[in-house]
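Line by line, the protein sequences give chains W and S. So our numbering is basically just the index in the first sequence, starting at one, shifted up by 15. So our numbering is basically just the index in the second sequence, starting at one, shifted up by 397. Note that the Cβ used here is the ideal one computed from N, Cα and C, for glycine as well.
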Amino acid sequence: MIAIHYFASIREALDCEHENIDLPDDVKTVEQLISYLIKKHGTPWADVLGAGSLMIAVNHEMTDSNAVLDAGDEVAFFPPVTGG
Amino acid sequence: MKISIQKADFDIAIETQQLREANPETGALVTFSGLVRDMDNERQVESLTLEHYPGMTESSLEAIMTEAQERWSILDASVIHRIGELKAGEQIVFVAVVSLHRGDAFSACEFIMDFLKTRAPFWKKCRDEHGESWVESKASDDEASARW
Chain W
16 MIAIHYFASI
26 REALDCEHEN
36 IDLPDDVKTV
46 EQLISYLIKK
56 HGTPWADVLG
66 AGSLMIAVNH
76 EMTDSNAVLD
86 AGDEVAFFPP
96 VTGG
Chain S
398 MKISIQKADF
408 DIAIETQQLR
418 EANPETGALV
428 TFSGLVRDMD
438 NERQVESLTL
448 EHYPGMTESS
458 LEAIMTEAQE
468 RWSILDASVI
478 HRIGELKAGE
488 QIVFVAVVSL
498 HRGDAFSACE
508 FIMDFLKTRA
518 PFWKKCRDEH
528 GESWVESKAS
538 DDEASARW
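Laid out in structure tokens, this is it:
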């Protein structure tokens, strides 16, 4: 099982804040997770998670789509940050 | 080091006093405060709503401040970032750094702020006369953090 969190404009575009999924055997990286989520959910996910500006964190660390996933990981997808 | 993510406003005088008392060897104290501008892109701003990623926000700020401590000779630092709805003119963010001499405190304060703007997971939604919209990230912020 992994936990997925969506933030800010991405959360609103998907109308989804959080989901837990059982990691399929063929999903070993964030890139593969994104493909899996697009296949599972369809249209809004394809547009939102396919955006070049997408930012990714795994277990609270910024990373990229090559990051390797393990059961128990927390993955977050969000737009470029705008704090301060 | 102090990191606080809070809805409540902060008092710069109290925050700097705490840093001075905790670090009696301080010779330089540099602070930065960010406020909600009343105009943005020629639109009258009513308020900003700040969202963040609890847990990652704190750990990313801690990593930024630790890196500042490794790069400059600083004694201590504080970062306060407010969340929730903030009206035009209100304080959003506070960064303070104390050191023996001013050069380290100036550089570390600017570094922390530049990295906060590009690495810490906060997002602003702006309410103005036309409605609500998410604030877009700025290329100038990426350039500011890239120079370090």
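Measuring only the C-alpha atoms, how far is residue i from residue j?
i      : j      : result
S:R434 : S:S496 : 30 Å
W:A82  : W:T44  : 5 Å
S:M453 : S:A493 : 21 Å
W:A66  : S:H498 : 45 Å
S:E540 : S:E507 : 13 Å
W:H33  : W:L52  : 13 Å
S:N438 : W:A23  : 21 Å
W:V96  : S:M398 : 23 Å
W:H20  : S:E443 : 29 Å
S:L416 : W:C31  : 41 Å
W:N35  : W:E46  : 17 Å
S:I474 : S:M462 : The sequence as given places Ala at residue 474 of chain S; Ile does not occur at that position. Computed Cα separation, rounded: 7 Å.
S:E459 : S:Q441 : 34 Å
S:K521 : W:K54  : 30 Å
S:K484 : W:P39  : 46 Å
W:D88  : W:N74  : 6 Å
S:V490 : W:F92  : 24 Å
W:G99  : S:L513 : 7 Å
W:E27  : S:G500 : 43 Å
W:A18  : W:L48  : 12 Å
S:P421 : W:D41  : 57 Å
Is any non-hydrogen atom of the ligand NAP found closer than 7 Å to the C-beta of residue i, if you look at the structure I gave you?
i      : result
S:H498 : Ligands are entirely absent from the displayed structure, and the ligand NAP is therefore not among its contents.
Could you list which residues in chain W have their beta carbon closer than 9 Å to that of residue i, in chain order?
i      : result
S:K389 : Residue 389 of chain S lies beyond the residue range present for chain S, which begins at 398 and ends at 545; the question has no answer from this structure.
S:W545 : Result: empty, since nearest Cβ-Cβ is about 15 Å, beyond 9 Å.
S:M510 : G99
S:S534 : S68, P94, P95, V96, T97
Run through chain W and tell me which residues come within less than 8 Å of residue i, C-beta to C-beta.
i      : result
S:F519 : V96, T97, G98, G99
S:V442 : Neighbours of S:V442 on chain W: none; closest Cβ ~14 Å, over 8 Å.
For residue i, which beta-bridge partners are listed by DSSP?
i      : result
W:V7   : Outside the displayed range of chain W (16 to 99) lies residue 7 of chain W, so it cannot be described from this structure.
W:T78  : W:I71
S:C523 : S:L445, S:S530
S:T515 : Answer by DSSP bridge pairing: none, since S:T515 is not bridged.
W:F22  : DSSP, once it has assigned bridges, lists no residue as partnering W:F22.
S:T428 : S:A493
S:R440 : S:D437
W:N35  : W:A18
W:A91  : W:H20, W:A72
S:E482 : S:T446
S:I471 : S:S496
S:V476 : S:I400, S:V492
Please look up how many angstroms separate the CB atoms of residue i and residue j, rounded, as I've assumed it's under 8 Å.
i      : j      : result
W:W60  : W:L84  : In fact, because the Cβ distance is near 17 Å, the residues do not count as touching under 8 Å.
S:R516 : W:M77  : 7 Å
S:F407 : S:Q488 : 6 Å
S:Q414 : S:R479 : With a Cβ gap of about 20 Å, S:Q414 and S:R479 do not count as contacting.
S:L432 : S:G486 : 6 Å
S:F457 : S:P518 : The sequence as given places Ser at residue 457 of chain S; Phe does not occur at that position. At roughly 7 Å, the Cβ-Cβ gap stays under 8 Å, so S:S457 and S:P518 are in contact.
S:S401 : S:I477 : 5 Å
What does residue i reach in chain S if we use C-beta pairs closer than 8 Å?
i     : result
W:A18 : Those do not exist, as W:A18 stays about 11 Å from chain S at its closest Cβ, beyond 8 Å.
W:S24 : W520, W531
W:A91 : Y450, M453, P518
Along chain S, in chain order, which residues have C-beta atoms closer than 7 Å to that of residue i?
i     : result
W:A28 : Residues of chain S passing the Cβ test: none, with the nearest at roughly 10 Å.
Chain-ordered residues of the stretch 444-467 of chain S with a beta carbon less than 8 Å from chain W: L447, E448, H449, Y450, G452, M453, S456, S457
Residues, ordered as in the chain, of the stretch 465-498 of chain S that lie near chain W by beta-carbon distance below 8 Å: H478, I489, V490
Within 7 Å of chain S by C-beta, residues of the stretch 51-78 of chain W in sequence order: A72, H75, M77
Can you list, in chain order, the residues of the stretch 421-439 of chain S whose Cβ is nearer than 7 Å to any Cβ on chain W? G431
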